[in-house]
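K.L.:
Residue numbers (the numbering used here): 15 to 300. We treat Cβ as the ideally placed atom computed from N, Cα and C, and that holds for glycine.
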Ligand code: GEK
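Structural data, given as structure tokens:
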């Protein structure tokens with residue numbers, strides 16, 4: 015039996031999923047057939063080996079071209095539950111996007127959340143604005159979008175999310191982005207997000223969490239490392255990446271996020287997903 019996966023673009027064309035997403039049917043060596051969504055196809059990349067060899071002095075982590083080249087693999091193997099969160103962002107946008115409004119994907123990287131929203135939004139005259147301050151990310155995002163068949167207009171901006179105007183928003187996504195914003199800027203930035211949201215709008219905020227209890231902090235950190243090892247990262251890769259992210263990724267507790275979001279005006283904030291020290295929250299604007 016051949017070990018090859020055969021791609022069959024003309025396999026059954028029926029089914030809501032195919033209509034919504036576009037994609038390709040593949041026959042696996044065991045003859046079963048799987049459907050690979052176009053968004054997933056576009057996200058397939060090289061394996062992340064950036065920290066696999068010893069580095070004498072580890073530099074601070076940057077979202078540069080070397081990261082862009084491996085980003086889908088890196089985030090999938092580093093953030094527990096990442097794919098589930100991306101899928102749910104689409105469902106949430108499908109529910110909360112309002113007619114004639116804007117959905118923002120802030121710190122969009124290669125647009126996984128943008129694409130997920132783009133294929134689930136059914137409201138009329140919606141537009142997505144995807145923003146990232148890494149030129150390399152935005153360049154690759156634009157290339158990805160050229161291959162996507164979604165009909166909702168996507169505007170890509172290379173900008174710092176602290177500097178953009180947010181208006182007429184029904185959905186704002188911060189999927190693992192706020193953690194890279196200096197802590198002293200977070201309140202003013204979230205105030206801008208709140209003011210830019212329409213009544214009935216939502217903020218989806220996903221973050222790596224910190225814990226007040228040192229025992230929980232230690233346990234959750236160890237569990238995250240165990241997750242990364244299960245995904246094929248070595249102890250060296252885990253520890254070098256950890257050094258690179260020190261003082262770059264600044265995690266806070268759920269209580270800190272909830273309190274700040276309440277202070278800027280959100281009527282409630284709850285965690286809808288958590289896998290070890292990675293969580294996604296929904297904040298509602300009445
Ligand atoms: C996803 N949301 O795949 N302004 C704009 N972008 C920023 C800023 C800033 N001030 N700071 C960081 N970024 C994505 C994943 S990754 C998370 C988000 C991770 C951007 C940065 O360039 C990077 O692309 C993204 O935020 C964070 O759903 O790698 O852990």
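When you compare only the Cα positions, how much space is there between residue 295 and residue 270?
P.N.:
Going by the C-alpha atoms only, they are around 13 Å apart.
K.L.:
Give me the DSSP bridge partner(s) of residue 218.
P.N.:
Paired residue(s): 187 and 296.
K.L.:
Answer with buried or exposed for residue 113, where buried requires no fewer than 16 other C-beta atoms within 10 angstroms of its C-beta.
P.N.:
With fewer than 16 other Cβ atoms within 10 Å, it is exposed.
K.L.:
Here's the rule I'm using: 16 or more other beta-carbon atoms within 10 Å means buried, otherwise exposed. How should residue 96 be labelled?
P.N.:
Under this definition residue 96 is a buried residue.
K.L.:
Are the beta-carbon atoms of residue 185 and residue 216 separated by less than 8 Å?
P.N.:
Yes.
K.L.:
Pull up the distance between the alpha-carbon of residue 172 and that of residue 233, whole angstroms please.
P.N.:
Using only the alpha carbons, I get a separation of about 38 Å.
K.L.:
When DSSP builds the beta bridges, which residues end up paired with residue 85?
P.N.:
Note: residue 85 sits in no beta bridge, so no partner.
K.L.:
The beta strand (DSSP E) spanning residue 283 covers which residue range?
P.N.:
Segment 282-289, the beta strand (DSSP E) holding residue 283.
K.L.:
Since residue 137 and residue 79 should fall inside the 8 Å C-beta cutoff, what is the C-beta to C-beta distance between them, to a whole number of angstroms?
P.N.:
Going by Cβ atoms, the distance from residue 137 to residue 79 rounds to 36 Å, so no, they are not a contact pair.
K.L.:
Can you give the beta carbon distance from residue 219 to residue 188, rounded, assuming they're within the 8 Å contact cut?
P.N.:
Going by Cβ atoms, the distance from residue 219 to residue 188 rounds to 5 Å, so yes, they are a contact pair.
K.L.:
Report the CB separation of residue 175 from residue 145 in whole angstroms; it is logged as a contact under 8 Å.
P.N.:
So it is a contact: roughly 5 Å between Cβ atoms.
K.L.:
Out of 86, 65, 213 and 90, which one is the CA nearest neighbour of residue 292?
P.N.:
Of the candidates 86, 65, 213 and 90, the one whose C-alpha sits nearest the C-alpha of residue 292 is 90.
K.L.:
Nearer than 7 Å: is that true of the beta carbon of residue 256 relative to any heavy atom of the ligand GEK?
P.N.:
Result no, Cβ not under 7 Å from the ligand GEK.
K.L.:
Specify, as a first and last residue, the run of the beta strand (DSSP E) that residue 171 falls within.
P.N.:
Note, residue 171: beta strand (DSSP E), 167-172.
K.L.:
Can you grab the Cα-Cα spacing for the pair residue 281 / residue 214, in whole Å?
P.N.:
Near 10 Å, if we compare the C-alpha coordinates of residue 214 and residue 281.
K.L.:
In or out: residue 251 buried (at least 16 other Cβ within 10 Å) or exposed?
P.N.:
Residue 251 is buried by the Cβ-count criterion.
K.L.:
Out of 180, 223, 193 and 231, point me to the one whose CA is closest to residue 207's CA.
P.N.:
The residue with the shortest Cα to Cα distance from residue 207 is 180.
K.L.:
In whole angstroms, give me the CA-to-CA distance for residue 15 and residue 201.
P.N.:
Model confidence at residue 15 stands at a pLDDT of 39, short of 50, so the residue's coordinates are unreliable and nothing is read from them.
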